[in-house]
Amino acid sequence: MQTSIHNTHFLLRRLHSLLGLLPVGGFLIFHLWENSQSRFGPAHYNEQVVGWLQGLNYLTLLEIFVIALPLLLHAGYGLLILRSGHNEWRRNPWLHHRLYLLQRISGIAILLFLLFHVGWTRIWGIWEPAVKADLFGHMQSILSQPPIFLLYLLGLLLSLIHLCNGLWTMAISWGLTTSVQAQRRWFLFCIALFVLLSAMGLHGMLGFIL
Amino acid sequence: MKRPRKVIVIGGGLGGLWSALRVAEAGFQVDLFSLFEVKRSHSACAQGGINACFDTKGERDSIWQHIVDTLKGGAYLANQPPVKSMCEEAPGLIQTFERMGVTFSRTAEGVMDLRLFGGVKNRRTVFAGASTGQQLLYGVDQEVRRQESLGRIQKYEWWEFLSLVLDGRDTCKGVTAMNLRTLEVKSFRADAVILATGGMGQTYGHRSTNSTNSTGAAACRAYRQGAWFANTEFFQFHPTAMLGDDKTRLMSEAARGEGGRIWVPQDPEDRRRPNDIPEQARFYFLEEWFPSYGNTVPRDVASRAIWRVVHEMGLGVDGEDKVYLDLTHLNPGFIEQRLHAILDIYRKFHGSDPVHEPMEIYPSAHYAMGGLWVDFEKDEQTGGLKFGSQRNHATNIPGLYACGECDYGYHGANRLGANSLLSASFSGRVAGESAATYLLGLQDDLLSVPEQYYESEISRQQEINRSLTESHGTENPYSLQRALGNLMSSQVGVVRDNDKLRQALESLKELEQRSMNINLQETSNWSNQGLVFSRQLQEMIRLGQVITASALARDECRGAHYKPAFDLTIPENTYPGDPAYEAYRQAWKRQNEDWLKTTIASAGKDGPTITYQPVDLSVLPPEEPRDYR
Amino acid sequence: MKTIQFQIRRQDDPYSPPYWESFSIPFRKGHNVVSALMVIRENPVTREGRRVDPVAWEFNCMEEVCGACSMVINGLPRQACSTLVDNLDQPIRLEPLSKFPVIRDLMVDRSRIFTDLKRVRAWIEIDGAWNIHRGAPRVSPEAWKENYLYSRCMSCGCCMEVCPQYGEDQTFVGPATLAAVRLMNAHPTGSYHKTQRLHAIMAEGGLSDCGNAQNCVRVCPKQIPLTTAIGELGREVTLQMLRDLFGKSE
Ligand SMILES: Cc1cc2nc3c(=O)[nH]c(=O)nc-3n(C[C@H](O)[C@H](O)[C@H](O)COP(=O)(O)OP(=O)(O)OC[C@H]3O[C@@H](n4cnc5c(N)ncnc54)[C@H](O)[C@@H]3O)c2cc1C
Ligand code: HEM
Ligand code: HEM
Ligand code: SF4
Ligand code: F3S
Ligand code: FES
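Protein chains in written order, with this note's numbering: chain U, 1 to 210; chain A, 211 to 839; chain Y, 840 to 1089.
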């Protein structure tokens, strides 16, 4: 019997992993780039960036199949994975174990953040044309409240830790990095990516309010 | 339909696993018993390697030379046909291990590498890094697991063999065993039983390199039910074992081979740290006494010299039983590279670094050449074993076989390094095959053996348990074992003396009495380790008596058995052809006429009865004395 | 008088609740945890002076090769026989491995490790343990060096103890068992049945249940490169998946 075909366990795991990287991770990076355009002012952001996006054909299909569904699948299966495993936070103080835990905690945190975040931007935009028309202004008003700014910052950092550590674990799961040295080198790359993306995300957030 | 025939194998070391495998492959059902998961058996401890003549080093090594080395090394005391077959089969056996997946060390061109081991001239020892025994054990363990998954072998781990079940004709038809968790005693029917229960070093207490379960208790139980012991007076002492309160750990010969020097302070009162003792205040006794060999004299010679320095000259370090093995004068980088495994063990268990501080060592009980007596059938055509004969590895109890370190087969009066992994594996294979032949010839149905034999054996064993758990004696079993160990290693150790042996026998009888008056300190009937240990202890004391009585009876020096009063040494600087040497040879031959015979110990009413059996010398007549010069 | 202090987590049998007891023995240089436990068993009196049942634990080789004596010592799973008391903070806390059912005191039932080895078919399929008059194919010294690292796994359970994905309520076979697959697949003839083993670890409880916490490799007393094995197997199963999905069917 070909376990990988007749038994869905393995394929589902790999699908989960892949989804985390490709549509979801990819979208996040794109999204942060999109936000970073805020620096060039409301007009540029609203018209050139958001406007261009909103003008795309089949946008709804893209949003559903490239963003929402993959995210929900990844998150849903992620929650299932979360049920396996033990919480041994205090016992094994090593870095990768801490990150293993953080991967799980951040998963849940992202989910909560997204409910709040997407609800207040994209979903609200459906009912409230003003929000949709001036996303820049909307974001500006939200982000200038310090608690919300902090919340966003947290959401951003946790998402990026999750993405970058996910990238690191993926490389082992798929067999890209095998030796200890390779894993360490890839880890350095993931840290660099994390720093870069954090800077980009922060830059975008500041762009709305400065 | 008749019930499928079944064999019980006791022991999951190399010997036991091999025999289980061969019985299963012959199509019979196997029940495999072990005190713990078989993977934890003592065989895992062997580091050095296993001998087999491959002659891949351009040295023209030959199987014949392997046979000669083994027989001479054992001072001709081993029956020769089995040794011949073992050496002949060794290469094939190793290749089988290789097929099983054992990670033998490799040469640059990818074939198995060979190393030099003590007592031989050619490189003949196959090895797997510094953990050969472990690798060999795991190799067979995997195959047994495969048979297990096919339903041919059923494991009973955490079960201790307690006794044989003998039917009305004194044929072995099963065993009783105790579940080490529930302490339940049960009987198991079988058409044949193979004992592969390993060594007996624990009779020397913590002064042994053996695992803590190598008690010899199982073999001793069979002995008390009628099986014979053979040659138990031959016990190999390893000269360089690192000291410890819990056990002594082997420091391989390589330490001396690479230039390690053995010494003690000249002044027994000298309490300075070893590094502070100047060169001229040290006594390098091996170098002084054996100028041509120095520190690389063979195991038994080194053990005796250390014994002499400590016991006769009172020069033990700090007045204790220890001497220094010094590597500190050697280049640290060099020894780190060559002796990494040893240094590692010493650092790990002693906490100090032998590169900077001399190691403290002492000879320690290492390997029992003797064990349960087993038969063999000679093939007149080849002069070796008749393979497939049901007599090979059969004990004197019909239906009972023995293999591995618990039999006495292959090493005569002294074992060659790296020959015992070979004998354990080979004998396991042969015993499994013989048992299968025996089963084929059986007529009666196992179920026809009346239940009463099993029931009465169970109640006898339960009675022993009850007497121990309910006894409110005064003796502590663990203290008793220490007493036993001290007694055995000081009186029945490296150097022996008839008066001391007689005293030891008395003391052992006394210890046996005391062991009947044990206080277990616990009443639990769940995983009661004290109960289990006490039962083993009683057997160890009885085994000590067998060893001592056999040693007392043998008035000569042969291999590991050394009684100075009967010593016969080669006159110095004489060689074959010299009149003095030839006179020695004649004396040696006379000694052989008197003593070249197998010691048989059988259980008598009050202690062991010693008799002798001739040795089969048909392969290599004893013309050449052992000569390591 | 200098002493060595112990706190030992005890349990009378698998069904009764655990409890702690303290012991103290006279100091002696060079004690390891097993030799200290031997002193306690000879005279099992708690610090409060109460006579109790001797502590039960498992040990055997006393040289760190049999894997019997694993226990949690001051929070870390280790081999008690090679853990020197002099290097530990006191009181020394001893607990049984938590990922396996306790039998008594510090003794646990690790039989699951061996069941899982069967599950992944960690053996070489040979025709029989008789002489076929030839050995196995050659192995390069480089390949040997790597394989040898894995062949020393003594099934001690330490790596499983710290693996957050391993436990009585989980099906994950654990790092050591995965490493065994790596070793068997690397053997020249063992590789003939590589696909079977890979399929076994592609099922529930297999490789993808590892969460890459990498604690395992930190505690292994034999320094087995478990995470490397996991990475190498990751590569193998990725290829196997592609073969299954797009290759020719069996
Ligand atoms: C430190 C050391 C190093 C060594 N190095 C080498 C070397 O380099 N080369 C070499 O050739 N030899 C070496 N030897 C010797 C060799 O290791 C042993 O002779 C050999 O492993 C014995 O194997 P065995 O199968 O007979 O017994 P063991 O491996 O001891 O197995 C005994 C089995 O019997 C079981 N058992 C015992 N009693 C009972 C009972 N009552 N009920 C149920 N089961 C029971 C145990 O559970 C165990 O499974 C060394 C020995 C020592 C001590
Ligand atoms: C760092 C600051 C962030 C800012 C300023 C920001 C801003 C926005 C804005 C303005 C929108 C509405 C876009 C639209 O309707 O077209 C949006 C949507 C969205 N954001 Fe963010 N975002 C941030 C971080 C994040 C993070 C960390 C995530 C998580 C992974 C995220 C996930 C999403 C998603 C999923 C949508 C809905 C997209 C869609 O369906 O079109 N955002 N964000
Ligand atoms: C911005 C959104 C997210 C991104 C970019 C993302 C990305 C990733 C990536 C790349 C991985 C690595 C996969 C691997 O190791 O093979 C991963 C793993 C994981 N994700 Fe997400 N993820 C996101 C959201 C979530 C959410 C909402 C959850 C669930 C609550 C979640 C739960 C998990 C879990 C549990 C893992 C670990 C899987 C494992 O160890 O096997 N993720 N994620
Ligand atoms: S991999 Fe290491 S820690 Fe795990 S069982 Fe094997 S030896 Fe023990
Ligand atoms: S700790 Fe466990 S999660 Fe994976 S990397 Fe090691 S097996
Ligand atoms: S007793 Fe064997 S590993 Fe500790």
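Using N, Cα and C, we set each Cβ at its ideal position, and we do this for glycine too. Here the structure is a predicted model, which is why all the values come from computation and not from measurement.
Proximal residues of chain U, C-beta to C-beta of residue i below 7 Å
{"i": "ARG1074 (chain Y)", "result": "GLY175 and THR178"}
{"i": "THR1077 (chain Y)", "result": "TRP174 and GLY175"}
CB contact below 8 Å: residue i versus chain Y
{"i": "TRP736 (chain A)", "result": "yes"}
{"i": "ARG459 (chain A)", "result": "yes"}
{"i": "TRP33 (chain U)", "result": "no"}
{"i": "GLN183 (chain U)", "result": "yes"}
{"i": "GLU88 (chain U)", "result": "yes"}
{"i": "TRP186 (chain U)", "result": "no"}
{"i": "TYR794 (chain A)", "result": "no"}
{"i": "HIS576 (chain A)", "result": "no"}
{"i": "LEU224 (chain A)", "result": "no"}
Reduced DSSP secondary structure (H/G/I, E/B, other) of residue i
{"i": "LYS532 (chain A)", "result": "coil"}
{"i": "VAL659 (chain A)", "result": "coil"}
{"i": "SER699 (chain A)", "result": "helix"}
{"i": "HIS870 (chain Y)", "result": "coil"}
{"i": "VAL884 (chain Y)", "result": "strand"}
{"i": "ALA318 (chain A)", "result": "coil"}
{"i": "PRO935 (chain Y)", "result": "coil"}
{"i": "GLU367 (chain A)", "result": "strand"}
{"i": "PHE597 (chain A)", "result": "coil"}
{"i": "THR425 (chain A)", "result": "coil"}
{"i": "LEU582 (chain A)", "result": "strand"}
{"i": "TYR772 (chain A)", "result": "coil"}
{"i": "PRO301 (chain A)", "result": "helix"}
{"i": "PHE493 (chain A)", "result": "strand"}
Closer than 9 Å at the beta carbon, the chain Y residues around residue i
{"i": "GLU47 (chain U)", "result": "Correct list: empty, because the minimum Cβ distance to chain Y is about 44 Å."}
{"i": "GLN212 (chain U)", "result": "Residue 212 (chain U) falls outside the range modelled here, since chain U spans only 1 to 210, and no answer is possible."}
{"i": "ALA318 (chain A)", "result": "SER979 and PRO980"}
Contacts that residue i makes with chain Y (C-beta to C-beta distance below 8 Å)
{"i": "ALA254 (chain A)", "result": "CYS900, VAL904, CYS905 and MET993"}
{"i": "ARG91 (chain U)", "result": "GLY914 and VAL1001"}
Residue i at chain U interface by Cβ criterion, 8 Å
{"i": "MET1041 (chain Y)", "result": "yes"}
{"i": "PRO1064 (chain Y)", "result": "yes"}
{"i": "SER979 (chain Y)", "result": "no"}
{"i": "ASP966 (chain Y)", "result": "no"}
Alpha carbon of residue i to alpha carbon of residue j, nearest angstrom
{"i": "GLU934 (chain Y)", "j": "ILE1040 (chain Y)", "result": "31 Å"}
{"i": "ALA790 (chain A)", "j": "ALA797 (chain A)", "result": "11 Å"}
{"i": "THR758 (chain A)", "j": "VAL293 (chain A)", "result": "26 Å"}
{"i": "PRO508 (chain A)", "j": "ALA515 (chain A)", "result": "11 Å"}
{"i": "SER198 (chain U)", "j": "SER141 (chain U)", "result": "22 Å"}
{"i": "LEU530 (chain A)", "j": "VAL520 (chain A)", "result": "Checking the sequence shown, residue 530 (chain A) turns out to be Glu, not Leu. If I take the Cα positions, the gap works out to 8 Å."}
{"i": "MET750 (chain A)", "j": "GLU367 (chain A)", "result": "22 Å"}
{"i": "LEU936 (chain Y)", "j": "VAL873 (chain Y)", "result": "16 Å"}
{"i": "GLY302 (chain A)", "j": "CYS263 (chain A)", "result": "10 Å"}
{"i": "TRP859 (chain Y)", "j": "ASP944 (chain Y)", "result": "10 Å"}
Within chain A, the residues that residue i reaches when beta carbons sit closer than 8 Å
{"i": "SER921 (chain Y)", "result": "LYS558 and PHE559"}
{"i": "LEU915 (chain Y)", "result": "Simply none; closest approach about 16 Å."}
Listed by chain order, chain A residues near residue i by CB distance under 9 Å
{"i": "THR1067 (chain Y)", "result": "In chain order: nothing, as chain A lies at least about 16 Å away."}
Residue-chain proximity (residue i, chain A), Cβ-Cβ < 8 Å
{"i": "GLU1071 (chain Y)", "result": "no"}
{"i": "ARG943 (chain Y)", "result": "yes"}
{"i": "VAL873 (chain Y)", "result": "yes"}
Contact list for residue i against chain U, beta-carbon separation under 9 Å
{"i": "MET877 (chain Y)", "result": "Neighbours of MET877 (chain Y) on chain U: none; closest Cβ ~28 Å, over 9 Å."}
Got a sec: which bits of the region 848 to 866 of chain Y sit with their beta carbon under 8 Å from any beta carbon on chain B, in order along the chain? Of the protein chains in this structure, namely U, A and Y, none is chain B.
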